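Engineer: To get this note's numbering, take the position in the sequence shown, counting from 1, and add 1.
Glycine is no exception: its CB is placed at the ideal position from the N, C-alpha and C atoms.
All values reported here derive from a predicted model rather than from experimental measurement.
Okay, handing you the structure first.
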Amino acid sequence: MRFFFLITLFAVQGLFAQHKPLTFKSDAEKKWTDSVYNSMSFEERVGQLFMVAAYSNKDSTHIKGVDKLIKDYKIGGIIFFQGGPYRQAKLTNRYQKESKLPLFIGIDAEWGFAMRLDSTYRYPWNMTLGAVQDMNLIHKMGLQMAKQCKRMGVQFNFVPVLDININPLNPIIGNRSFGEDKLNVTNRAVALMKGVQEGGIYATGKHFPGHGDTATDSHYGLPALNFDDERIENTELFPYKWIFKQGLASIMVAHLNVPALEPTPGLPTSLSYNTITRLVQGKMGFEGLIFTDALNMKGASGYMQPGDVDLEAFLAGNDVLLFAENVPVAVERFKQAYADSVLTDDRLEYSVKKILAHKFRVGLTKVTPVDLRNLYADLNAQEYDDLNYKLYEDAVIVLKNEENTAPVANLDTENIAYVKLGDDDGSQYLDQLRKYTAVTEVKRDSLPSLMQDLKAYTTVIVGYHKADGAWKKHDFSTKDIQWLDSIAKNKRVIFTSFAKPYALNGIKSFKNIKTVIQAHQNNIFAQTVAAEIIFGAIGSKGKMPVSAGGFKVNHGLQTKSLERLGFSTPENVGLSSEKLKQIDVIAKRAIAERMTPGCQVLVARQGKVVYQKSFGYHTYENTTPVKNTDIYDVASLSKILGTLPNVMQQYERGHLKLEDRLGHLLPEFQQTDKKNITVKDMLLHQSRFQAWQPFYKETLDSLAHPDTLYYRRVASPEFPVQVAEGLYLRADYPKIMIDKIAASPLLPKKEYKYSDFNLILLKEFIEKQTGQTLDVVADANFFKPLGATTATYNPLKKFDKSVIPPTEIDNYFRYQVIQGYVHDMAAAMMGGVAGHAGVFSNSLDVAKIMQMYLQKGYYGGKHYFSAKTFDTFNTCYACAEGNRRGLGFDKPQITASGPTCGCVSKSSFGHTGFTGTMAWADPETGIVYVFLSNRTYPESADNKLSRGNIREDIQKVIQDAIIDK
Numbered sequence: 002m003r004f005f006f007l008i009t010l011f012a013v014q015g016l017f018a019q020h021k022p023l024t025f026k027s028d029a030e031k032k033w034t035d036s037v038y039n040s041m042s043f044e045e046r047v048g049q050l051f052m053v054a055a056y057s058n059k060d061s062t063h064i065k066g067v068d069k070l071i072k073d074y075k076i077g078g079i080i081f082f083q084g085g086p087y088r089q090a091k092l093t094n095r096y097q098k099e100s101k102l103p104l105f106i107g108i109d110a111e112w113g114f115a116m117r118l119d120s121t122y123r124y125p126w127n128m129t130l131g132a133v134q135d136m137n138l139i140h141k142m143g144l145q146m147a148k149q150c151k152r153m154g155v156q157f158n159f160v161p162v163l164d165i166n167i168n169p170l171n172p173i174i175g176n177r178s179f180g181e182d183k184l185n186v187t188n189r190a191v192a193l194m195k196g197v198q199e200g201g202i203y204a205t206g207k208h209f210p211g212h213g214d215t216a217t218d219s220h221y222g223l224p225a226l227n228f229d230d231e232r233i234e235n236t237e238l239f240p241y242k243w244i245f246k247q248g249l250a251s252i253m254v255a256h257l258n259v260p261a262l263e264p265t266p267g268l269p270t271s272l273s274y275n276t277i278t279r280l281v282q283g284k285m286g287f288e289g290l291i292f293t294d295a296l297n298m299k300g301a302s303g304y305m306q307p308g309d310v311d312l313e314a315f316l317a318g319n320d321v322l323l324f325a326e327n328v329p330v331a332v333e334r335f336k337q338a339y340a341d342s343v344l345t346d347d348r349l350e351y352s353v354k355k356i357l358a359h360k361f362r363v364g365l366t367k368v369t370p371v372d373l374r375n376l377y378a379d380l381n382a383q384e385y386d387d388l389n390y391k392l393y394e395d396a397v398i399v400l401k402n403e404e405n406t407a408p409v410a411n412l413d414t415e416n417i418a419y420v421k422l423g424d425d426d427g428s429q430y431l432d433q434l435r436k437y438t439a440v441t442e443v444k445r446d447s448l449p450s451l452m453q454d455l456k457a458y459t460t461v462i463v464g465y466h467k468a469d470g471a472w473k474k475h476d477f478s479t480k481d482i483q484w485l486d487s488i489a490k491n492k493r494v495i496f497t498s499f500a501k502p503y504a505l506n507g508i509k510s511f512k513n514i515k516t517v518i519q520a521h522q523n524n525i526f527a528q529t530v531a532a533e534i535i536f537g538a539i540g541s542k543g544k545m546p547v548s549a550g551g552f553k554v555n556h557g558l559q560t561k562s563l564e565r566l567g568f569s570t571p572e573n574v575g576l577s578s579e580k581l582k583q584i585d586v587i588a589k590r591a592i593a594e595r596m597t598p599g600c601q602v603l604v605a606r607q608g609k610v611v612y613q614k615s616f617g618y619h620t621y622e623n624t625t626p627v628k629n630t631d632i633y634d635v636a637s638l639s640k641i642l643g644t645l646p647n648v649m650q651q652y653e654r655g656h657l658k659l660e661d662r663l664g665h666l667l668p669e670f671q672q673t674d675k676k677n678i679t680v681k682d683m684l685l686h687q688s689r690f691q692a693w694q695p696f697y698k699e700t701l702d703s704l705a706h707p708d709t710l711y712y713r714r715v716a717s718p719e720f721p722v723q724v725a726e727g728l729y730l731r732a733d734y735p736k737i738m739i740d741k742i743a744a745s746p747l748l749p750k751k752e753y754k755y756s757d758f759n760l761i762l763l764k765e766f767i768e769k770q771t772g773q774t775l776d777v778v779a780d781a782n783f784f785k786p787l788g789a790t791t792a793t794y795n796p797l798k799k800f801d802k803s804v805i806p807p808t809e810i811d812n813y814f815r816y817q818v819i820q821g822y823v824h825d826m827a828a829a830m831m832g833g834v835a836g837h838a839g840v841f842s843n844s845l846d847v848a849k850i851m852q853m854y855l856q857k858g859y860y861g862g863k864h865y866f867s868a869k870t871f872d873t874f875n876t877c878y879a880c881a882e883g884n885r886r887g888l889g890f891d892k893p894q895i896t897a898s899g900p901t902c903g904c905v906s907k908s909s910f911g912h913t914g915f916t917g918t919m920a921w922a923d924p925e926t927g928i929v930y931v932f933l934s935n936r937t938y939p940e941s942a943d944n945k946l947s948r949g950n951i952r953e954d955i956q957k958v959i960q961d962a963i964i965d966k
């Protein structure tokens, strides 16, 4: 081996007799570098060359070993591997305090600190980023990585990976690469590098000259690149040539056998003078720091013993020796080489001064300890989720889409099943799918029974779920392949793969599959976005980073958005997540002060739900927590959710005019004093009707219980109208109620007076016009096509009682807990289907209807009515007379008090409900707000929720959270 050192000596002396002088960025940098270098002993200079491995999950023996290397051998840096952020930060402070000269701290965090540390943030794999088309997003990711590095006292992140993954069977690179196309890899690597370095952290391009077309893991052997000079020049080196011009700070040299670069048989590139000095520094002109790959890897350690390999790597031209196995032995080898004139002062000075200059540039003339306070929160900040959503929105790929199966448009004609394949969890994906429409999971142990069960469904969404690990195998099992093939031959299939792109190679043919979606990773971001694409909340943008499954690199179809509600983070739509946290405080206060047992709150903006939470319990017994999927009695929200949209459709179709008179609409009113009341006045609540009438009281006996003249405990043709559990009203009584309205006295003056009668009677018109009951009409015209699957009248016909919070312990009419039956007494006496009340829903489905209004009648690819019609109804016609109402819609108050916080625009609209509900939308801010509760439980008379301004205060928080005013 000594003979080889002597051969190297002539080369080293030849270069460094004529080498280009170091370039300093400033006089101050040169002055500091020279001063420090001149003050150092030989051993201290050699020590700067070593960056040793450290772990924050190992015992005190390991920690003391690192202590010794710092104190006794004056090492220049540490690269951290596995552990945790708090532990690593403490060790960083400890090690920096022990070091005479500040240490470089590095980490190999290709997809964020989560690659190495628990409790830290995880970005997409590079292969997932390879599908992203917006380089600004990757640049921003680099900036965020830099921010996290700074927070942890790290100066080097060993990114970007510049390997072009041409070999699908590459055992070590694979998903760590941006893909197989050299331009794609280069563009993404440059974007990431610029972000990292603009954020004040050094980036390190790796693994030079290129580890992408190899079949051996250099951790365990020496991979070979047996290609000619032209191939190496035009492919492997291509990204390096470009990124060097963009100012890359450093590179990492891989342990590879590349005969085109190094003729010596078996000599790794990391030990090759021809590769590092002549090619990288000479021909390519790179002046940044040059790291070896870890010297404990068999690709290098298999060639030479510890100590020898370190010296050989340095003489080859590397500046920093990474993960040296035995620093004390290596230092002795350096001393001997110096004594033998194999190692020259010039060579040592060149690298050590380069290291020192880089320390100066990054501020390592002194050390600021890592602040341990709020460390976890800072490393998992909201802004990182904001970006992750955007990255996945750009990355998910539609590879095939026959018959434009995606996005799924006509939800009212679909019956959708979900089948999970793969060995990882798919429940979150199923939850996401169910946010758009009813989706039934079908699970069976045998294929024949599965196929039998799937016969009832029009479309089957198949999710292939594999654990989200960069080195985990994602291959399809034989069973998965057989089941997918059989399902696709018999049903219309939308197939989504939450696995590496190369997993698609396991499918021989996608001929029978209508839609193929590559979603890359099995996490909530990918699952959310895949569901958004399938149902048209967004269009697809991603393109294949590699060729796989018969789909070529750069292939990707663009699907359209149907403008359904999607999901994101507050900041992505211009809201402050920090300020929205005040909603939690207010909601919890309402529950603590027994204003309501529980509630749901939803906030959407710009077509994205960004806040959806549930608080409290169904009752004060605190046995059933409220879930987002629970279904509330929304009370008077029914007016704008069930009745009004159908009125608007009748208006648009010419079946109803605002000037039409009640006597014309309903003949039974023709001979009354109400015959000339117009539709417009009814919708404006200035019809002179009484506010309400307690119809139920007239059906009670002398003891104030349901009179047997009107009620029975068992349903029959004479008593078919169910008003509660085991209580049925006489068949003719709903008509009697209409007659009572017809006979009721009018108020003396035409002015704003809110009345349930207006919408009760418009419901009668809708049913007369359509020949169907309102619940059927609302379901067919709006609820089903909108995908508002929980929005319904009489929910117990569809849902279990356990998902419906009770509204009251009724001790004045029905004498039971009202749960699953409409709370409003008049609506109950109309069989649960009334124009003024009766709708049950969760907050999300209310939001869908409000978003449809906000989009002026358009939602999910369908026009329910025109923008002109919406504008007609969302107009305050009598504001000058003190009436704030639109046509059917409530509007912001004109005087001091009213339904809102007083801070929303005049164009905003919505409604409130007696059970403690509110739905409001604002065209000027693009915000939809929904609040649902059962504040009427256990007793409705004391409306503490209203007096406490809970709904209004939450609306004020939402307005105050706007950050893009």
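(1) Any contact of the region 469-478 with the region 825-838, i.e. 3+ C-beta pairs under 8 Å?
(2) What residues are listed by DSSP as bridge partners for Y859?
(3) Applying the criterion that 16 or more other CB atoms from any shown protein chain within 10 Å of the CB defines a buried residue, is D229 buried or exposed?
(4) Provide the residue span of the alpha helix (DSSP H) that contains M649, from first to last.
(5) Taking its Cβ as the centre, do 16 or more other Cβ atoms sit within 10 Å of V586, making it buried, or is it exposed?
(6) Is G84 helix, strand or coil when you go by DSSP?
(7) Please state the DSSP three-state secondary structure of S1.
(8) Ignoring anything shorter than 3 residues or poking outside the region 851-939, list the beta strand (DSSP E) runs there in chain order.
(9) Which of the three DSSP states, helix, strand or coil, is assigned to P626?
(10) When we look at the beta-carbon of S898 and count the other beta-carbons within 10 Å, is it buried (16 or more) or exposed?
(11) Hey, could you find the ends of the beta strand (DSSP E) F496 is sitting in?
(12) Nearest CA to the CA of T965: which residue from K467, E809, E572 and K798?
(13) Please tell me whether S745 and Q694 are closer than 8 Å, where the distance is taken between their beta carbons.
(14) In this structure, how does DSSP classify M146 when only helix, strand and coil are distinguished?
(15) Can you round the beta-carbon distance between V162 and E111 to whole angstroms, since I take them to be within the 8 Å contact cut?
(16) Check E350 in the structure and name its three-state DSSP category.
(17) So, are the CB atoms of A838 and V823 less than 8 Å apart?
(18) Tell me the residue span of the beta strand (DSSP E) that contains M603.
(19) With a cut-off of 8 Å on the beta carbons, I'd call V328 and V67 a contact; round off their distance for me.
(20) Assign A532 to buried or exposed, taking buried as 16 or more other Cβ atoms, counted over all protein chains shown, within 10 Å of its Cβ.
(21) Buried or exposed for W921, please, with buried defined as at least 16 other CB atoms from any protein chain shown within 10 angstroms of its CB.
(22) Do three or more CB pairs link the region 351-371 to the region 483-491 at distances below 8 Å?
(23) Any idea what DSSP makes of V958, helix, strand or coil?
(24) Enumerate in chain order the residues of its own chain whose CB-to-CB distance from I539 is below 8 Å, with the five nearest sequence positions on each side excluded.
(25) Hey, quick one: how far does the alpha helix (DSSP H) through G196 stretch, first residue to last?
(26) At what residues does the beta strand (DSSP E) containing Y419 begin and finish?
(27) Identify the continuous alpha helix (DSSP H) that holds H665 and give its terminal residues.
(28) Just reading off the beta strand (DSSP E) that M52 is part of, what are its end residues?
(29) Under three-state DSSP, which class holds N58?
(30) Mapping the DSSP letters down to three states, classify P103 as helix, strand or coil.
(31) Going by DSSP in three states, F159 sits in which element: helix, strand or coil?
(32) Given a cut-off of 8 Å, decide if Y203 and H359 are closer than it, judged by their beta-carbon atoms.
(33) With distances taken from CA atoms, which of G248, N176, D182 and N171 is nearest T205?
(34) Of the residues Y122, G77, Q134 and Y124, which one's Cα is nearest the Cα of I106?
(35) Spatial neighbours of K628 within its chain, please: CB distance less than 8 Å, with the 5 preceding and 5 following residues excluded, ordered by chain position.
(36) Please classify Q672 as buried or exposed, where buried requires at least 16 neighbouring CB atoms within 10 angstroms.
Structural biologist: Looking at the coordinates:
(1) no
(2) H864
(3) exposed
(4) L645 to E653
(5) Residue environment for V586: exposed (fewer than 16 other C-beta atoms within 10 angstroms of its C-beta).
(6) strand
(7) Any property of residue 1 remains undetermined from this structure, which presents the chain solely from 2 to 966.
(8) With a minimum length of 3 residues, the unbroken runs of beta strand (DSSP E) contained wholly in the region 851-939 fall at 910-914, 918-923 and 928-934.
(9) Residue state, collapsed to three classes: strand.
(10) Label assigned to S898: exposed.
(11) R493 to F499
(12) Reading off the sequence, residue 965 comes out as Asp, not Thr. The candidate whose alpha carbon is nearest that of D965 is E572.
(13) Cβ atoms of S745 and Q694: closer than 8 Å.
(14) helix
(15) 6 Å
(16) Assignment of E350 by DSSP, reduced to helix, strand and coil, places it in the helix class.
(17) Yes, these two residues count as a Cβ contact at 8 Å.
(18) Per the sequence shown, residue 603 should be read as Leu rather than Met. L603 -> beta strand (DSSP E) spans G599 to R606.
(19) Not quite, the Cβ-Cβ distance comes to about 10 Å (not below 8 Å), so this is no contact.
(20) buried
(21) Buried, because 16 or more other Cβ atoms sit within 10 Å of the Cβ of W921.
(22) no
(23) Annotated three-state conformation of V958 is helix, per DSSP.
(24) E394, V530, E533, S562 and G567
(25) K183 to E199
(26) Bounds of the beta strand (DSSP E) holding Y419 are I417 to L422.
(27) L663 to L666
(28) F51 to A55
(29) coil
(30) coil
(31) coil
(32) yes
(33) Among G248, N176, D182 and N171, the Cα nearest to that of T205 belongs to G248.
(34) G77
(35) S615 and V804
(36) Burial state of Q672 is exposed, judged by a 10 Å Cβ sphere holding fewer than 16 other Cβ atoms.
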